[in-house]
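Working notes, structure below.
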Amino acid sequence: MSETILLVLLALICLLSALYSIFTRKVLHAVIASGVISLTASIIYLLVAAPDVAMTEATIGAGLTTVVFLYTLKQVKEDGDD
Amino acid sequence: MIKQLLVVLALAGLAWLLWPFLAEFRVSESNNALATEYIHGSINELNMPNVVTAVVVTYRGLDTLGEVTVLFLATAGVGFLLKRRELKGGKRRAGTEILRTGASFLAPLIVMFGVYIFTHGHLSPGGGFQGGVVIASAMLLLCLAYVDFDFSHRLLTWLESLSGLAYAGLGLLGLVLLGASSFLDPRFMPAGNWLRLFSAGAVPLIYSCVGLKVGAELSTVLDSLRGPGGAA
Numbered sequence: 001m002s003e004t005i006l007l008v009l010l011a012l013i014c015l016l017s018a019l020y021s022i023f024t025r026k027v028l029h030a031v032i033a034s035g036v037i038s039l040t041a042s043i044i045y046l047l048v049a050a051p052d053v054a055m056t057e058a059t060i061g062a063g064l065t066t067v068v069f070l071y072t073l074k075q076v077k078e079d080g081d082d
Numbered sequence: 083m084i085k086q087l088l089v090v091l092a093l094a095g096l097a098w099l100l101w102p103f104l105a106e107f108r109v110s111e112s113n114n115a116l117a118t119e120y121i122h123g124s125i126n127e128l129n130m131p132n133v134v135t136a137v138v139v140t141y142r143g144l145d146t147l148g149e150v151t152v153l154f155l156a157t158a159g160v161g162f163l164l165k166r167r168e169l170k171g172g173k174r175r176a177g178t179e180i181l182r183t184g185a186s187f188l189a190p191l192i193v194m195f196g197v198y199i200f201t202h203g204h205l206s207p208g209g210g211f212q213g214g215v216v217i218a219s220a221m222l223l224l225c226l227a228y229v230d231f232d233f234s235h236r237l238l239t240w241l242e243s244l245s246g247l248a249y250a251g252l253g254l255l256g257l258v259l260l261g262a263s264s265f266l267d268p269r270f271m272p273a274g275n276w277l278r279l280f281s282a283g284a285v286p287l288i289y290s291c292v293g294l295k296v297g298a299e300l301s302t303v304l305d306s307l308r309g310p311g312g313a314a
């Protein structure tokens with residue numbers, strides 16, 4: 001029962017951050033919100049007994065993709081300033 | 083107004099298309115024939131407790147080879163498009179003492195954890211891709227902590243090429259030693275004892291190659307994206 005509540009809560013956070021990343025005006029906030037989506041998704045995978053997928057999602061989705069987005073954002077901004 | 087109406091209509095159409103999948107969805111009580119075969123084969127023939135690895139490396143090994151190829155092409159594209167600019171020091175503030183000390187303390191441990199993940203891919207959750215990304219995250223930590231941290235590009239290139247070649251070579255070795263239709267079959271090496279590191283045939287070797295390759299490739303990507311003046 002408590003696991004179901006946790007799952008629903010995580011799914012809600014996931015959905016809300018997805019909506020936030022679509023509607024926010026700041027690209028940096030959108031990138032961080034998309035990282036939160038991956039993080040909550042990876043915890044959900046772990047709870048439904050898929051640790052392999054959870055690991056992939058946490059490392060690639062929450063870690064690497066966010067960093068790549070941040071680097072790209074920085075490069076685009078710098079080129080805009082020139 | 084018309085635009086919003088069209089959006090609503092498109093969403094309704096998608097919902098109508100996808101509704102049958104949701105309506106027919108049932109949580110199955112038992113595994114189907116293919117899943118039963120995979121679980122049976124993984125545990126009895128391949129001697130591998132982690133069935134996911136058995137499917138990824140052995141039964142669907144060609145897909146994994148394809149994924150590795152896609153990652154290689156993506157890395158090549160990033161390296162080709164983003165010309166490496168000279169790292170100019172001084173533009174960015176150096177990391178603090180705490181960050182630098184913490185990063186140099188943690189980075190070797192993170193690399194070791196990545197190696198643990200990909201060498202134990204056949205026993206515990208995880209595998210080559212996850213372990214490789216963990217190794218790349220250690221490199222990222224060092225990039226963030228040290229302004230002028232530099233990779234040995236020669237080492238990365240050789241590591242990537244050699245581990246890719248070794249992966250394809252291990253697949254071909256299966257083809258040579260076990261006969262036709264056994265490309266990427268790991269059973270040309272002894273199955274070993276249950277739950278030992280050196281068991282499940284060539285799977286630890288294959289996953290080590292994949293892990294090293296993914297780690298080297300993603301470190302290269304991070305380094306290409308870093309741009310002038312160090313990290314973001």
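Protein chains in written order, with my numbering: chain R, 1 to 82; chain C, 83 to 314.
Built from N, CA and C at the ideal position, the CB exists for glycine as well.
Please read these numbers as outputs of a predicted model, since none were measured by experiment.
Beta-carbon neighbours of residue i, restricted to chain R and to distances below 9 Å
i, result
"SER219 of chain C", "THR59, GLY63, LEU64, VAL67"
"LEU222 of chain C", "GLY63, LEU64, VAL67"
Distance CB(residue i)-CB(residue j) smaller than 9 Å
i, j, result
"LEU28 of chain R", "LEU73 of chain R", "yes"
"GLY293 of chain C", "GLY214 of chain C", "yes"
"CYS291 of chain C", "SER263 of chain C", "no"
"GLY196 of chain C", "ALA220 of chain C", "yes"
"LEU224 of chain C", "PHE231 of chain C", "yes"
"ALA282 of chain C", "LEU144 of chain C", "no"
"LEU300 of chain C", "ALA218 of chain C", "yes"
"SER42 of chain R", "ALA62 of chain R", "yes"
"ILE37 of chain R", "CYS14 of chain R", "yes"
"LEU147 of chain C", "TYR249 of chain C", "yes"
"LEU287 of chain C", "LEU254 of chain C", "no"
"ASP52 of chain R", "PRO207 of chain C", "yes"
"CYS279 of chain C", "LEU205 of chain C", "Residue 279 of chain C is actually Leu in this sequence, not Cys. For LEU279 of chain C and LEU205 of chain C, yes; Cβs fall inside 9 Å."
"VAL109 of chain C", "TYR120 of chain C", "no"
"LEU226 of chain C", "LEU181 of chain C", "yes"
"VAL285 of chain C", "VAL139 of chain C", "yes"
"THR135 of chain C", "GLY203 of chain C", "yes"
"ILE2 of chain R", "SER17 of chain R", "According to the sequence displayed, residue 2 of chain R carries Ser and not Ile. Taking 9 Å as the Cβ cut-off, SER2 of chain R and SER17 of chain R do not qualify as a contacting pair."
"LEU70 of chain R", "LEU6 of chain R", "no"
"VAL68 of chain R", "LEU304 of chain C", "yes"
"LEU257 of chain C", "LEU164 of chain C", "no"
"ALA298 of chain C", "LEU241 of chain C", "yes"
"VAL296 of chain C", "PHE233 of chain C", "no"
"PHE200 of chain C", "TYR289 of chain C", "yes"
"ARG175 of chain C", "VAL229 of chain C", "yes"
Under 8 Å by beta carbon: chain R residues contacting residue i
i, result
"LEU300 of chain C", "LEU64"
"VAL134 of chain C", "ASP52"
"VAL90 of chain C", "Within 8 Å Cβ-Cβ: nothing; VAL90 of chain C doesn't reach chain R, min ~17 Å."
"VAL216 of chain C", "THR59"
Cross-chain neighbours of residue i in chain C, by beta carbon under 8 Å
i, result
"MET55 of chain R", "ILE199, PRO207, GLY208, GLN212"
Next item on the list: List in chain order: all unbroken alpha helix (DSSP H) runs of 4+ residues lying wholly within the segment 232-269 of chain C.
Entry: 235-260
Secondary structure, alpha helix (DSSP H): runs of 4+ residues fully inside the segment 2-59 of chain R
2-23, 27-47, 51-56
Check your understanding: Enumerated in chain order, which unbroken segments of the alpha helix (DSSP H) with a length of 4 residues or greater are wholly contained in the segment 123-163 of chain C?
Key -> 143-163
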